[in-house]
Structures are given as C-alpha cells and as structure tokens.
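Reviewing the structure listed below.
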Amino acid sequence: MRFGILGPLDIRTDDGVPVDPGGPRPRALLTLLLLAAGRTVTAEHLTDGLYGSQPPAGAANALQSQISRLRRRLGPHAPIEAVPAGYRLAVPPDAVDAHRFARLAAQGRTALAAGDPARAADRLRAALALWRGPALPDLPDAHAETARLAELRLTAVQDRVEADLALGGGPELVAELRALLADHPLAERLYGQLMRALHAAGRPAEALAVYEDARRALADELGADPSPELSALHLELLRQTRPAPHRPRLPAQLTGFVGRDGELARIAALLTAPDARLVTLTGPGGAGKTRLAVEAARAHPDAYLVELAPLADGARVPYAVLAALGVRAGLRSTAVDGLDRLCGALEDREALLVLDNCEHLVEDAARFAGLLLGRCPGVRVLATSREALGITGEVLVPVEPLPAGAAQRLFLERARVVRPGFDGHACVPDVCRALDGLPLAIELAAARLRTLEPEELAARLDDRFRLLSRGDRTKAPRHRTLRAVVEWSWDLLDAEERELAERLTVFAGSATVRAVREVCGTPDPEDLLDSLAEKSFLEVAGGRYRMLETIRAFAAEHAARHLDTDALRDAHAAYFLRLAERAQPLLRGGGQLPWLARLAAEHADLDAALRHLAGADRAGALRLMALLSWFWRLRGLHGEQVPRARALLAAVGDVPPPGLVEEYVLCALNALSGDDGDPAAEEALHARVETLLDSLDGPLRLPYVLVLWSVVTGPRPAANARALRLAGTDPWAGALLDMGLGLQARFAGRPGEAEEALTRALAGFRATGDRWGMANCLEPLGMYAHARGDDDAALGLLDEGLALVRELDAPEETADLLRSRGVVLLRRGDAAGAADHFERATALARTAGAGDKAAGAWRGLGDAARLSGDTARARVLYEEALRMCAANWFSVGEIVRVLIGLGRTAAAEGKAEDAREWFRQAAVAAGDSASVLELAEAAEALASVAEMPERAAVLLGAGAGLRGAPAREDPDVARTEEALRARLSPEAYMAAFERGVRLRAAAVEEARGKVGERRDAAG
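So in the working numbering, spot 1019 of the sequence shown is number 999, and the numbers just go up one at a time.
As structure tokens, this is what we get:
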C-alpha cells in the first residue's frame, strides 16, 4: 500500500485502487501514524494531535474507537499494531511519500556534495515530483511539522537548482528563482543562485542588481548585511563580464535566402554520395557562392565555415581550419604541425569543412584538401572558388545566375529593407535581367532605392551598361556586369564615403568603430559606416564592420591610386600595437575573459599588423610578437607563429635591439616551441636565451617570460634565484613564482612544501583574478587533498578548476581535470562515474587533437577496466594509450603509468615475469622524467611482484621516500602493503620500509637490474 501526505491524504493499494480512510478525524489520525511509519507513536501524542491541548473526557476510549474504525478501513494491507506505549502503523517508511521524499532528497544532496550534479538532479527531481500540494492539510494544527517539511522542500529545490547550474543551466532557471524569492525574500542562497543564473544567461548587470536587492531586503527586515558567501559571489561577478558566447559553427544570416532550391538539392545529394568528398562551388565574384555553401552546410550536423580570404600565406590554411573548429593547443603543448593536429582532431569524425574563397590560395588549398581527405576518411570539403582546385575526385558545381523569378524576389526583399512597403515596379524584371541575376549586383542596386525611384534606378543602370559595352570585352560578361554595378554604386557614394571605404581596405577582418576612427583618421565615423552598410558595401554584426571581399578588391584598387597605403598600414599596425599593449597586463587578471575574446576577434588584423611590421619595423615586430605571446599560449595559437618567429629572429640577428631583450627572448621562445627545428641551432638558441636572461636585472616587464621559458626547458630549480630576481614585486609574478616552486617541490617529492607554495599561489592568483593561474593550482591541491583521504575537499577543488578552464574554453586543461576527477572517483569505488569522466576526457582531447591528453584518459579507462576485473579490455586500452603518448618532457609520466598499467594487467593474469618486464621498462622510462613521482610509482609496482617480502617492503619504502609520503590512496599500493604486512612481522616490515625510504632511487635501480638479469638469463 502507498500513502501520500505531501498534499491531500492519498491512500492506494499496490495495484492503484484508492482507499477512503473516512472523515477528518480518521484522516488526521492516519497522518499522525504515517509521519512515524514503522515506529511507535504514543497515545498522548495521538490525542494531542487529534484534540489539541484540551482533550474531551474519555479521550482514551475515543482514541481506541478511532483506531478500530481506521483498522477496518485499511484492512490487512496496513495493520495498526497496539504496543505498550501506543500504536504503530506496520508499513515501511518508503511506503509514505514524505519519507521517500526525504530519502531521495538526501541522496541528491550527497551526490551534489560528491560532485555528481547529473545524479543529484535526477534524485532531487524524483523527490520533488512527490509533492502534490501543501503538506499535511489533514493536520491543520501541526504547524511545526508542516514547517519542517516545507523547509526540506525548499532545501531540495535549492539543491536541484544548484545541480542544474552545475550542469550548465542558467537562462531557464531565472523565472523559477524569481518566483521562489517572491515567497522567500530572505533566502540568501536563492539570491546567490539567481545571480549565477543571470550571469550564465549573459545578463551580468541584472545579476549584480540582484545583490543590491538582497542587501536592501536583509537590512530592512533583519538589520543584517549579506553573508560572506553572498558577498564573495558578488565580488567574483564584479571581476567578470559576460561569458564568451559559444562559437557558432556557421554564421547567422541577417537576411533571408532566396531561390537556389535546385542547387541546394544537388549539393545535398553530393555531400552524401560516397564518391564526392570534395565539392567545389565555382563562379565569379558576387555570384552567391559563399551564401549558397553556408545554406547547404546547415543540413550537416557537424559543419564549419573556414574563411580563407584574410589569409596572405597558404601555410596558414590548416591553422584557419583549427580556429574554425575551436581546436587549440594547451599552454604546455609543443607546437606540432598544424595539419597533424587537425588530422588528430578529425580522424574519427564525419565533419564538413566549408573552405570559402580559395581562389587566391588555390594551390595551397588544393594541397591541403588532398592531404586532409586522404588522412581523415570521414571528412568532406565544400569549397568556394572562382576556379577549380583541380585535384582528383573533385566535383564541380557551377553557381549560375538566379533565374528571373528568384532574382526578382531577392530584389524585392532587399528593397524592402531600405524602402518598407515596396511592392515592386514594372521595371524590376528589366533591372534584374540587366544585372544578369547576380545576387551581389542585385543587392547593391536594391540598396539604392533609399534615394532613387525605380525608374531613375533603371535609367542610371542603363546608362552605365551602355558605357560598359565600349569597355574591356576580354572579360567574362558576368564579371563585366558585376564590375559595372560596383563602379556605378561606387560613383554614387559621396567623397567622404569613398575615402573611408578606401581606407577600410587596410583591415584584414572586421573592425570596431574605435579602430576605424584611429586607423582611418575619421573623427566620427559612425554615420559614414552605417551609410556604407545600408548601401551594401559593409556587413555589420555585433558592433563590428566588415567589407565584402568583392567590394574590398575594388576599393583597394582605388586606395592604391589615391592613398599613401604604406602610411595607412603603418597607422593600422600602430593601432594594433597599442591594443596589444593595453591588453597585455589585463590578460593576467580579472579582465582575462573579455580581453581574450577581444583579441580573438582581432586575430586577423593582429596578424596583418605583425606581418607588416616584420617587413617595415623589426623592433616593432618584436614588440608586438612579445605582447601577443601570452595570448597565443592561452588560446593555443602559438603553433602558427613558429615560422614567423624564426624568420623574424633570423632578420634581427643574434643581438637584441636596444631595450628589447625581453621581446627578443619571447621571439626566441616562440621559435623554440616548434617540434621540427634543427637540434644544433636550437641548442645554440637555448644558450643565447640563457645568457640574455642572466643579463637582466629585473623586474621583468613581461613576466610570462618565466612561464614560457619553463615550458620550453622543463623544471629547472637551479634557475630559481634568477626567477626570484626577475619576478620582482609584481603580484601576478609572485603568484607565478610560488606556483613554480610548488610544482618543483611536487616533482621533487616534497608534498608539504609543495602544498604550502601552491596554496600561496592560489591566493595570489585569486587576488589578481587570473583564472589560468587558479586552475593550475587547484588540480594539484585537489590531488593532495585526495592523498590525505579528504575526497570531498578534493572534488570541490577539482570542480572549481573545471569551472575555470571551461570559462577559458581550454579543452586540453578540461580533459586533464576530468581525468584527475575520474581518478578520485575510481579510488573511492565509483568505477562507473570514473569511466564516464575518462570517456568525456577522451572525447575532449581527441576533438582537440591532443594525443597525449587522450592517452591519459585512455589509461584511466584501462585502470577502471583492470580494477573491475576485465584485464583483456584493460590491455587494449593501455596499448591504445601507449600509441597516443607524445614525445615531450611532460608526457614521460604518462608513458610510465601506461607501462605500469600493462604490468599490473599481466600480474592480474598470473604472468609475473611479463609484469616484471613491464615494470622494468617503466623504471627505465622514469629515469628520463623531470619528476621523481614516476620513479616512485615504478618502485611500488616492482614491489607488487618482488619475490622476497623484505625486498618488496624496501621498494614500498623507496616509493614513499621518493614521493615524500606513502601512496595509501592508491588501491594497488594499499593491496601490496596489506599483503606484505600479512607476511612480515610489524618490526620486520618497518625496518625494511625505512631502509627503502633511505635508499630511494638506489633501491629501484637495484630492483630494475635484478629484473634485467632474470630476463637475460631466461634468454
């Protein structure tokens, strides 16, 4: 039988038949018994509940009568038992919705605290669904119990909102939270959740206003200030701005798409045909190739637009595709070849790449498409070009003029933008026919209806074409038509508009009003820009203006005749140098997110400025490269800068210009971040950088020099004194130094010192607002908490780090933190949750083309399979992880752990000799690591297969000595220790263990040698 008291009393048998308990008194009595289902309720409590503080005479007999009547109503399904102290309803608590609610809500709260918001949300929703109205309506005087249940309900609602926020919710929660606050105006937790929901919805101003509402409500009603938690949230939001919007794969269009149904159908068929993986839309400028390609790509679930028009160098094509995909290298990653990284990201995906405007890089685009399609069998390419790419397997789709009906519909639609209510005119068909059905020509002409009558428009176009007929007849007719329309539209601009249009050609991408004002020297350009946009010379979106490529080419011809283009490019470079100078310190503080987004939007023009300065002002080029180096690292763009850095370094020579030592060093570090350089030249450059750093007195103007140098060289404690001198008193540099010292101590096996330094670093980065720094401290601090056995604290720290790296849009770092979180879950017994984390990390890393990060996640999956007893699957996963490991100093640890995983798998299958050999290889590989932690793990692995228990205990001690503490959080190590303690006396175990602590690496070397001797003896 099931009972409901969270709403009107509801009783149903197991097959759903309702049961009527009787009138108000039996209902109240049953409710009192249900609140204590399965437990005794005293007669006094029941009497008080039924009659209040003044029971009638004979209340005891009346209670017995009520009990008897209720028994008859309930029948055998829910017996009411008389016990010495009172009565008991003999049903399990879970049969009552209130108790079931409490259980589910508690499970949800536990899952939330454990960092599993998905399970929390599921449990809490199930709990809240049990409520059918106000609780206990049949006990109108049970105020305390009713209030208790209402408070539990509110807490569950807030916990569910917390879980939804953790799962990425926000906009959909705002209305619910406002309604809850209307009923609970002093609930500070609700205020905080509403602030976070508004912030996630991109409404930061409203989020901050909610804090003021809370402050006033608390002051007016309680005379109190907001809690420290709410105040801290307010401060955090003050330091942030609107989160960066999700990068759209295909651009949203401001106008409707007219016609082309036949072409869309043909392209759709080709893009699903097995033998048409490269489809190229060909046609003259203005034919509508780009728009047609974008509309065709919308039907594909994984399509990306790659704009090649801004590129001046065909070698940058792979990096343009990486940017469109949102794939970026991690800060510590070596700058591998762009095509290799791209193939790693796409090798198992069925993506569609729209390569737009290939004509000026047609050979490079063709070479790139051929290589990519050959290596990534699931990828298709839809290209737009004025000529074919000319490679085997290419299918050409000529983009013909619009047919008459579609051309006229396009004209009417665009005309109504500038002349609302325009219903057409007799001359429209003639105009469209004269314009050869070219979409861009039609749009330019229709835009003129703002100032011209249709008859006047037709007459002027007719004059223009009569002049055209005497022009260059060697050009294709449609090309002559488009040029005529562009020239005619150009001639209708006033002098100020033409001059600004010419100056705008200096921008490689889109431009803000401020950039136009400063680069073009136009004091108030807003009206002119809007006028050019209205006349279809510019596109405008998000406050940024962009010139159509066909228009840009035409305007550039005029600019070359009328302007000092070198001076214009100088002004452009100077503006973007100033922008980089302004951004540089803000990228290391609370303004990190908005300035990352700002520089990303300016990436094409920053590149153009650097390209110009490299030829015109090498000192300026060094300055700009240095200022952008930290942005490139945070955004994973450093790989595409390696050739440019090498060329600039060669042009500057071996001696830095006066006052630019730091800039020269950063250029060298960019050059050294590639993986394909000449070893001898790189060794000489390393030495040169060392000498230059030694020559600096400090403090550094660009303190991220210290990070990038350590990324290139690995941890170098010998350079600590120099780093301390160069850091000076800058707060960010101080936090960075503490982080470096903490990581060095961690790698050296000094956990106490490491945790102390990393805690200082975290506080320093919190003070500056740098999310990158905070995230890099939170991961090791979380794992130290896990090592101490405080998994709740560990998961909290890792979750905070995950939130930060997601804000930074850092997939590699997100994969790292997910893997670490999976390790904690696995070791606390949640194999399914751990596997889910490892799989998510794998997907993220593979999407980012980060093989070494994917290797770590695959190794985690191998651990989960092995600890669950599936050694066959574990071996496959470990082998795949080993295949993915990259060859760099920070991947050595992963290789060691994978080898250990293979050895533990062999040991679990009873293959002790195979296990020893895997562990020996792990110990050898650990010798190449900059950290002692890998050698500690190899020691503990060797201990698990040592034949003599004393030798095993020595190796466990060596592992603890190298790490600085025993690894009792590791179930493999704990199992080995337990087995050894069972075989040795406490005194013998501790003596051997302490000997290993003293021997450290020597014990591992001896054990490794013995395994090698056994292998050689076995032949």
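Virtual Cβ for every residue (Gly too), placed ideally from N, Cα, C.
Boundaries of the alpha helix (DSSP H) in which residue i is found, first to last residue
{"i": "Arg681", "result": "Taken as a continuous stretch (DSSP letters only), Arg681 belongs to no alpha helix (DSSP H), as it is neither H nor E."}
{"i": "Arg863", "result": "Thr851 to Met864"}
{"i": "Arg801", "result": "Pro791 to Arg807"}
{"i": "Glu1018", "result": "The structure shown does not extend to residue 1018, since the chain spans only -19 to 999, so no value can be given for it."}
{"i": "Arg80", "result": "Asp77 to Ala93"}
{"i": "Glu930", "result": "Pro929 to Arg943"}
{"i": "Ala787", "result": "Note that residue 787 corresponds to Glu in the displayed sequence, not to Ala. Glu787 -> alpha helix (DSSP H) spans Asp771 to Glu787."}
{"i": "Leu742", "result": "Pro731 to Thr748"}
{"i": "Glu920", "result": "Leu913 to Ser924"}
Best match in the options for proximity to residue i [C-alpha to C-alpha]
{"i": "Glu889", "options": "Glu874, Cys356, Glu662 and Arg846", "result": "Arg846"}
{"i": "Ala481", "options": "Glu537, Ala767 and Leu586", "result": "Glu537"}
{"i": "His280", "options": "Val301, Ala249 and Leu261", "result": "Ala249"}
{"i": "Pro6", "options": "Val(-3), Leu26 and Asp(-6)", "result": "Leu26"}
{"i": "Leu198", "options": "Gly417, Ala212, Ala177 and Tyr171", "result": "Tyr171"}
{"i": "Thr885", "options": "Arg768, Glu339, Gly842 and Val912", "result": "Gly842"}
{"i": "Ala85", "options": "Leu69, Pro72, Leu806 and Ala109", "result": "Ala109"}
{"i": "His755", "options": "Asp796, Leu302 and Phe727", "result": "First, the residue type needs correcting, since residue 755 is Ala and not His in the sequence shown. With distances taken between Cα atoms, Ala755 lies closest to Asp796."}
{"i": "Gly150", "options": "Leu178, Ala406, Glu433 and Leu649", "result": "Leu178"}
{"i": "Leu1064", "options": "Leu778, Leu(-14) and Leu543", "result": "Residue 1064 lies beyond the stretch modelled for the chain, which goes from -19 to 999, so this question has no answer here."}
{"i": "Ala90", "options": "Leu129, Ile60 and Asp139", "result": "With the sequence shown as reference, residue 90 is identified as Thr, and Ala is not the correct amino acid for it. Ranking Leu129, Ile60 and Asp139 by Cα distance to Thr90 puts Asp139 first."}
{"i": "Glu498", "options": "Asp510, Phe556 and Ala521", "result": "Phe556"}
{"i": "Glu339", "options": "Lys833, Ala533 and Val398", "result": "Ala533"}
{"i": "Pro378", "options": "Val687, Thr270, Leu390 and Gly729", "result": "Thr270"}
{"i": "Ser965", "options": "Pro929, Leu935 and Ala58", "result": "Pro929"}
{"i": "Glu374", "options": "Leu362, Cys865 and Phe745", "result": "Leu362"}
{"i": "Leu215", "options": "Leu202, Arg176, Arg196 and Thr252", "result": "Arg176"}
For residue i, the first and last residue of its enclosing beta strand (DSSP E)
{"i": "Arg(-8)", "result": "Asp(-10) to Arg(-8)"}
{"i": "Ser365", "result": "Arg360 to Ser365"}
{"i": "Val(-1)", "result": "First-last for Val(-1): undefined, no H or E at that position."}
{"i": "Ile60", "result": "Ile60 to Val63"}
{"i": "Leu258", "result": "Leu258 to Thr262"}
{"i": "Met175", "result": "Premise fails: Met175 lies in the alpha helix (DSSP H), Glu168 to Ala180, not in any beta strand (DSSP E)."}
{"i": "Ala283", "result": "Ala283 to Glu287"}
{"i": "Phe(-17)", "result": "Arg(-18) to Gly(-16)"}
{"i": "Leu69", "result": "Gly66 to Leu69"}
{"i": "Thr20", "result": "Thr20 to Thr22"}
Per-residue burial, residue i [other beta carbons within 10 Å of its own, 16 or more giving buried]
{"i": "Ser800", "result": "buried"}
{"i": "Arg446", "result": "Caution is warranted here: a pLDDT of 49 is assigned to Arg446, below 50, making its placement in the model unreliable, and no coordinate value can be reported."}
{"i": "Thr127", "result": "Checking the displayed sequence, the identity of residue 127 turns out to be Ala instead of Thr. Under this definition Ala127 is an exposed residue."}
{"i": "Arg227", "result": "Note that Arg227 has pLDDT 44, beneath the 50 cutoff, so the model's placement of it is unreliable and the number below is only indicative. Exposed."}
{"i": "Ala535", "result": "buried"}
{"i": "Arg541", "result": "exposed"}
{"i": "Gln34", "result": "exposed"}
{"i": "Arg558", "result": "exposed"}
{"i": "Asp452", "result": "Confidence in Asp452 is poor, its pLDDT being 42 and thus under 50, which makes the residue's placement unreliable; the coordinate value appears in the next sentence. That one is exposed."}
{"i": "Thr827", "result": "buried"}
{"i": "Ala765", "result": "buried"}
{"i": "Pro457", "result": "Its pLDDT being 47, under 50, Pro457 is placed unreliably in this model, and the coordinates cannot settle the point."}
{"i": "Asp510", "result": "exposed"}
Residue i CB to nearest heavy atom of the ligand ADP below 7 Å
{"i": "Gly744", "result": "Absence of the ligand ADP from the depicted structure is noted, as is the absence of any ligand whatsoever, leaving it without description."}
Three CB pairs or more closer than 8 Å across the stretch 826 to 842 and the stretch 856 to 866: yes
Meets three-Cβ-pair contact criterion under 8 Å: the stretch 487 to 494 and the stretch 509 to 528: yes
Secondary structure, alpha helix (DSSP H): runs of 4+ residues fully inside the stretch 964 to 989: 966 to 979
Stretch-stretch touch, CB-based, cutoff 8 Å, three pairs: the stretch 710 to 728 with the stretch 740 to 752: yes
Inter-stretch contact (C-beta, 8 Å, three-pair minimum) for the stretch 929 to 949 and the stretch 906 to 916: They touch, by the three-pair rule.
Whole runs of the alpha helix (DSSP H) within the stretch 560 to 627, excluding any shorter than 4 residues: Whole alpha helix (DSSP H) segments, 4+ residues: 572 to 581, 583 to 596 and 598 to 615.
Three-pair Cβ contact test at 8 Å for the stretch 321 to 332 versus the stretch 294 to 310: yes
Meets three-Cβ-pair contact criterion under 8 Å: the stretch 698 to 716 and the stretch 678 to 685: Because the criterion of three Cβ pairs below 8 Å is met, the stretch 698 to 716 and the stretch 678 to 685 touch.
Sufficient close CB pairs (3 or more, under 8 Å) joining the stretch 583 to 590 to the stretch 659 to 669: no
Cβ contact (3+ pairs, closer than 8 Å) linking the stretch 424 to 432 and the stretch 394 to 411: yes
Inter-stretch contact (C-beta, 8 Å, three-pair minimum) for the stretch 146 to 160 and the stretch 93 to 104: yes
The stretch -17 to -3 / the stretch 107 to 123 touching (three or more Cβ pairs under 8 Å): yes
Unbroken stretches of the alpha helix (DSSP H), 4 residues or longer, contained in the stretch 92 to 165: 97 to 108, 123 to 146 and 154 to 163
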